[in-house]
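A.B. asks:
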Amino acid sequence: MIPAVVAKNLCHTYGEGTRALDGVDITVRGGEFVSLLASNGSGKTTLLKLMSGLLKLQDGSLEINGEDVRRLKQEKLYRTVGVTFQNPDDQLFGSTVGEDVAFGPRNMGLAEDEVQKRVLRSLSIVGAEGLAGRAIHHLSYGQKKRVALAGAMAMEPSMLLLDEPTAGLDPAGEASIMRLLGEINRKRGVTVVLATHSIDMLPLFADKIYVLKSGRVIKHGDPEAVFTSHELLEDAGLRLPYVSSLIHKMK
Ligand SMILES: Nc1ncnc2c1ncn2[C@@H]1O[C@H](COP(=O)(O)OP(=O)(O)O)[C@@H](O)[C@H]1O
Ligand SMILES: [Mg+2]
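Heads up: the sequence shown at position 210 corresponds to 212 in the numbering used here, and the numbers run straight through without jumps.
(1) What three-state label does DSSP hand Val192 in the structure shown?
(2) Can you give, in chain order, each stretch of the beta strand (DSSP E) that sits fully within the stretch 119-190 and has at least 3 residues?
(3) Is it true that the CB of Ala156 sits closer than 8 angstroms to the CB of Ser124?
(4) How about Val213 and Ala6: are their beta carbons less than 8 angstroms apart?
(5) Just to check, is the beta-carbon of Ala9 closer than 7 angstroms to a non-hydrogen atom of ligand 1?
(6) Could you check which residue in His222, Gly153, Leu56 and Lys119 has the C-alpha nearest to that of Thr98?
(7) May I ask you to report which of helix, strand or coil DSSP gives Glu233?
(8) How would you write the range of the beta strand (DSSP E) that Ala238 sits in, first residue to last?
(9) When you compare each of Ala134, Asp92, Val83 and Thr15 to Leu59 by their alpha carbons, which one comes out closest?
(10) Is there at least one non-hydrogen atom of ligand 2 closer than 7 angstroms to the beta-carbon of Lys119?
(11) Under 8 angstroms, with one C-beta from each stretch per pair, do the stretch 22-36 and the stretch 84-103 reach the 3-pair mark?
(12) Grab me the residues of Val128's own chain with a C-beta within less than 8 angstroms of its C-beta, minus the 5 sequence neighbours each way, in chain order.
(13) I need the DSSP call for Ser84, collapsed to helix, strand or coil.
(14) Considering only their Cβ atoms, is the gap separating Pro205 from Thr82 smaller than 8 angstroms?
(15) Threshold first: 3 residues or longer. Then list the beta strand (DSSP E) segments lying entirely within the stretch 14-74, N to C.
(16) Would you call the stretch 167-183 and the stretch 103-113 touching, i.e. three or more CB-CB distances under 8 angstroms?
(17) So, using beta-carbon positions, are Lys119 and Ser63 closer together than 8 angstroms?
(18) Under the rule that 16 or more other beta-carbon atoms within 10 Å means buried, what is Gln145, buried or exposed?
(19) Among Gly184, Leu38 and Leu23, whose alpha-carbon lies nearest the alpha-carbon of Val30?
(20) Who pairs with Gly217 in a beta bridge, going by DSSP?
(21) Assign Pro107 to buried or exposed, taking buried as 16 or more other Cβ atoms, counted over all protein chains shown, within 10 Å of its Cβ.
(22) Secondary structure at Ala227, three-state DSSP: helix, strand or coil?
(23) Contact between the stretch 15-25 and the stretch 41-49: three or more CB pairs below 8 angstroms?
(24) What is the residue span of the alpha helix (DSSP H) that Phe207 lies within?
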């Protein structure tokens, strides 16, 4: 099967000279749950923006579902790759929840009854059926995150790119979003690439973790391989997952 993402030697430098990515290699297979784990400023958002076509590729190669992003039409990418931004306020602009989630499918030119079906279906996937008529500005932060995810799911993507989907949530909210993403991945077969610096839930959900530091991959592997490398996590400015640090202390 063609991998969902193959990135080789990706480099990205911002206008004033910040080297955000410095030779990143990443492979994501279809159906995998992959996490980009790093402290702030390490290049996670830049990497997701390249994968979603929001930033132009400068150096290196990047294939999404076997197609070179340089040749891939933005419209095609938009139909297959769902994105949620770190801050839901950057993403939600409908007046109501229902209108917001309808935006993508409507833009695709789907008939209105299909649009409405998708709105209901994706709001129900994220557990926000009751919010359809609610004004966006009356939502809580956690509800906004769910609605942004519903908007991405309404496009029925084969892959979701999620930038810090649990940042700013309390532990219960974080657990509930992670469970939801796990379900979307396992039950619906959607490939997930999730950028985060929050690690407690990752061992339960991620198939593979890439640890980044200063725009480079310093480790990748399954959760066990990554979370047993204590020094490496420290070097990356990350703490151990809570459970792993407990076990470490009891040894
Ligand atoms: N639009 C931008 N212009 C200039 N520098 C940027 C921009 N976006 C990010 N950077 C810089 O690039 C580096 C990587 O940032 P980013 O990809 O946002 O990392 P992360 O998501 O891991 O916090 C940081 O040094 C950041 O300050
Ligand atoms: Mg970021």
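Where a beta carbon is used, it is the ideal one built from N, C-alpha and C, also for glycine.
C.D. replies: The answer reads as follows:
(1) coil
(2) 161-165
(3) yes
(4) no
(5) No, the Cβ of Ala9 stays beyond 7 angstroms of every heavy atom of ligand 1.
(6) Relative to the Cα of Thr98, the nearest Cα in the group His222, Gly153, Leu56 and Lys119 belongs to Gly153.
(7) helix
(8) Taken as a continuous stretch (DSSP letters only), Ala238 belongs to no beta strand (DSSP E), as it is neither H nor E.
(9) Thr15
(10) Because no heavy atom of ligand 2 lies under 7 angstroms away, the Cβ of Lys119 does not count as near it: no.
(11) no
(12) Closer than 8 angstroms at Cβ, skipping near neighbours: Arg148, Val149, Leu151, Ala152, Met155 and Leu182.
(13) Sequence inspection shows Gly at residue 84; the Ser mentioned does not correspond to that position. Three-state result, Gly84: strand.
(14) No, these two residues do not count as a Cβ contact at 8 angstroms.
(15) 21-30, 35-39 and 61-66
(16) no
(17) The answer is no: Cβ separation not under 8 angstroms.
(18) buried
(19) Leu38
(20) BP columns for Gly217 are empty, so no partner.
(21) buried
(22) Residue state, collapsed to three classes: helix.
(23) Contact between the stretch 15-25 and the stretch 41-49 is established, with three or more Cβ pairs separated by less than 8 angstroms.
(24) Leu204 to Phe207
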